[in-house]
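Inspection log for the structure reproduced underneath, given as structure tokens.
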Amino acid sequence: MSTTKVRSNDMKFEIVVIPVSDVDRAKEFYGRLGWRLDAEFASGDDFRVIQFTPPGSGCSVIFGKNVTAAAPGSAQGLYLIVSDIVAARDELRGRGVEVSEVFHSDGAYAGTDEPYLFGRRRTSGPEPARGSYRSFASFRDPDGNGWLFQEVTIRLAGRIDSGVTSFASANDLADAFRRAEAAHGKYEARLGQRDANWPERYAAYMVAEQAGKELPS
């Protein structure tokens, strides 16, 4: 009997529906974020749908008229993963969007602030060690739908196929190079000379970082 595994069909999560009360107001807001307007369709006066995609994202959002029965503002805990949370926050503030300060969880499971957050209670500033998955900033659209930036630089083991290394955007790739450069600088300091094999070490670092494996030291 054959034990060969047959890969199942890919299931690509691509759409999240956002409930809004004013379609034109929501269109202006999400456009102001710098997100790409993919499509806008209408059928008479009873149906309208608009689709936006955040930069580098494989998932889009749609909203409109008679698109969902959910209450406007009821979508909460919508995560946007970024490689530099300070830069992401600064960009939105530069676009005139109100964004919270950068914060992290103090590990306490008490309080009522943003109940969908790990720890639930905010401590001001990025996580001190700047650990992956641990620093946040939040903002809301005009209806109160809640968005959350989360800084991720190193993926948990198993989260990424170790045989595949890809980056969602040129910015993410550039940030990965910067982290590899910083790590390699420490290695060269210990070595006491320039490492001619830096391309191999950069590549090993970037692949291990994405796969959530132990980083070269």
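Count along the sequence shown starting at 1, add 2, and that's the number in our numbering.
Where is the CB? At the ideal position from N, CA and C, for every residue including glycine.
Checklist entry - Distance, Cα to Cα, V18 vs A72? => result What you label residue 18 is simply residue 16 of the sequence shown in a count that begins at 1. What you label residue 72 is simply residue 70 of the sequence shown in a count that begins at 1. About 12 angstroms.
Next on the checklist: Can you list, in chain order, the residues of its chain with a C-beta nearer than 8 angstroms to that of A41? Leave out the 5 residues immediately preceding and following it.
Outcome noted: Translated into the one-based positions of the sequence shown, residue 41 becomes position 39. Excluding sequence neighbours, A41 sits near V51, I52, Q53.
Next on the checklist: Which of the three DSSP states is assigned to E153 in this structure?
Outcome noted: In the sequence shown, counting from the first residue as 1, residue 153 sits at position 151. The answer is strand: DSSP assigns E153 an E or B state.
Next on the checklist: Could you compute how far the alpha carbon of A198 sits from the alpha carbon of F169?
Outcome noted: By one-based count along the sequence shown, residue 198 stands at place 196. By one-based count along the sequence shown, residue 169 stands at place 167. So the two alpha carbons sit approximately 25 angstroms from each other.
Checklist entry - How would you write the range of the alpha helix (DSSP H) that F179 sits in, first residue to last? => result Against the sequence shown, residue 179 aligns to sequence position 177. From DSSP, the alpha helix (DSSP H) with F179 extends over 172 to 193.
Checklist entry - Can you tell me whether DSSP reads M208 as helix, strand or coil? => result Here residue 208 corresponds to residue number 206 of the sequence shown, with the count starting at 1. Three-state DSSP puts M208 in a helix.
Checklist entry - Taking DSSP as the reference, what is the three-state secondary structure of H106? => result Taking the sequence shown and counting its residues from 1, the one referred to as residue 106 is at position 104. In this structure, H106 counts as strand in the three-state DSSP scheme.
Next on the checklist: Rounding to the nearest angstrom, what Cα-Cα distance links D48 and K67 in this structure?
Outcome noted: Position 46 of the sequence shown holds residue 48. Position 65 of the sequence shown holds residue 67. Distance between the alpha carbons of D48 and K67: 7 angstroms.
Item to check | Cβ-based burial, M13 [other Cβ within 10 Å; buried from 16] | outcome: Residue mapping note: residue 13 aligns to position 11 of the sequence shown, counting from 1. Exposed, since its Cβ has fewer than 16 Cβ neighbours within 10 Å.
Next on the checklist: Between the alpha carbons of E16 and Q195, how many angstroms are there, rounded?
Outcome noted: Here residue 16 refers to the residue found at position 14 when the sequence shown is read from its first residue. Here residue 195 refers to the residue found at position 193 when the sequence shown is read from its first residue. Taking the straight line from one Cα to the other gives about 47 angstroms.
Checklist entry - Could you give the residue range of the alpha helix (DSSP H) that holds L94? => result Reading the sequence shown from its first residue, position 92 is the one you call residue 94. L94 -> alpha helix (DSSP H) spans 87 to 96.
Item to check | Coil, strand or helix - G36 by DSSP | outcome: For the purposes of this step, residue 36 is taken as the residue at position 34 of the sequence shown. Note: G36 maps to coil in three-state DSSP.
Item to check | Rounded separation between F151 and S140 - CA only | outcome: Walking along the sequence shown from the start, residue 151 turns up at place 149. Walking along the sequence shown from the start, residue 140 turns up at place 138. Cα to Cα, the separation comes out at about 6 angstroms.
Next on the checklist: Using a Cβ-Cβ cutoff of less than 7 angstroms, which residues in the same chain neighbour A182 once the five nearest sequence positions on both sides are dropped?
Outcome noted: Taking the first residue of the sequence shown as position 1, residue 182 is located at position 180. Cβ contact annotation for A182 (same chain, cutoff 7 angstroms, sequence separation greater than five): Y204, Y207, M208, in chain order.
Item to check | Nearest to R91 (by Cα), restricted to the options D174, R136, V101 | outcome: Here residue 91 refers to the residue found at position 89 of the sequence shown. For R91, the closest C-alpha among the options D174, R136, V101 is that of V101.
Item to check | Separation of K188 from L80, as counted between CA atoms | outcome: Along the sequence shown, read from residue 1 onward, the residue named residue 80 stands at position 78. Along the sequence shown, read from residue 1 onward, the residue named residue 188 stands at position 186. Distance between the alpha carbons of L80 and K188: 37 angstroms.
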